Structure formats: C-alpha cells, structure tokens
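Right, one structure below, let's go through it.
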Amino acid sequence: MLLGARADAAVDESEKQRNEQEAERLARRSRVAEAGGQLVAAAFRFLGEMIPQRQPTNGAEQKASEFKACFAECLERDEQGRPRLTVTLPNEAALESLASSLAALFTPAAM
Numbered sequence: 004m005l006l007g008a009r010a011d012a013a014v015d016e017s018e019k020q021r022n023e024q025e026a027e028r029l030a031r032r033s034r035v036a037e038a039g040g041q042l043v044a045a046a047f048r049f050l051g052e053m054i055p056q057r058q059p060t061n062g063a064e065q066k067a068s069e070f071k072a073c074f075a076e077c078l079e080r081d082e083q084g085r086p087r088l089t090v091t092l093p094n095e096a097a098l099e100s101l102a103s104s105l106a107a108l109f110t111p112a113a114m
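In the numbering used here, the protein residues as written are 4 to 114.
See the structure below:
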C-alpha cells in the first residue's frame, strides 16, 4: 500500500442486501402494475365482444374520442412511454374486501 492511499472500503453486505430487496420490490410492483393493466384491458375487450356488433357511427366514434381525451388527462407515461393509470381505493375497507375476495377465490371450499 502506498503512503496516503486509502484501503478499499469493505462492502456493506446489509446495505447491499437492502438495495437488492428494494430493486426486487420495485420490479415486482412494476410486474403487478403491468399485469393489472393487461387484466383491465382484457376485461374491456371481453365487454366489447359481449356487446352486439353494430356498424360504427360518427356519434360512437366521437364518444370514444371524448372518453380517450378524458382518460388522457388522468394518465402518466412510464419510462417506456406506456400510459399508466393509477387507481385509488376509497379506504382500507376496500383493500380488505379485495384481499378477502382474492383469498376466497384461491382457497378450496370445505366439503
């Protein structure tokens, strides 16, 4: 070691682990958001298929444009330029209800 040179700092393993956990949390959050967007898009495609098909009219196209403009006012763009729509639940009870409903879907019924 040269005089006046600093020794390499020891790697702080706990800090490294926290950074890795945070990166995984953010990646998971992104995956969940993307999957949720796919689910919502699929639900509306499903509804579109269920509605009797009619010839497009100027009124329907105009209404669709109006809806798109309203949505655009509420959207953000992510790093890749994809539209992002944030949903706010009304309260903690709504979160509890959502969690309970999901648990009921994934828990086998007692016989």
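All residues carry an ideal CB built from backbone N, CA and C; glycine is no exception.
Here the structure is a predicted model, which is why all the values come from computation and not from measurement.
Arginine 48 sits in a helix when the DSSP states are folded into three classes. Taking 8 Å as the upper bound for CB-CB distance, arginine 87 and glutamate 79 are in contact here, some 5 Å apart. Under the DSSP assignment, leucine 101 falls in the alpha helix (DSSP H) whose first and last residues are 95 to 109. By DSSP's assignment, arginine 87 forms a beta bridge with Glu79.
In this model, glutamine 20 and glutamate 27 are separated by some 11 Å (Cα to Cα). Put simply, the backbone Cα of lysine 71 is about 14 Å away from that of phenylalanine 47.
Serine 17 and glutamate 23 have their C-alpha atoms some 10 Å from each other. The C-alpha of proline 55 is placed about 19 Å away from the C-alpha of glutamine 65.
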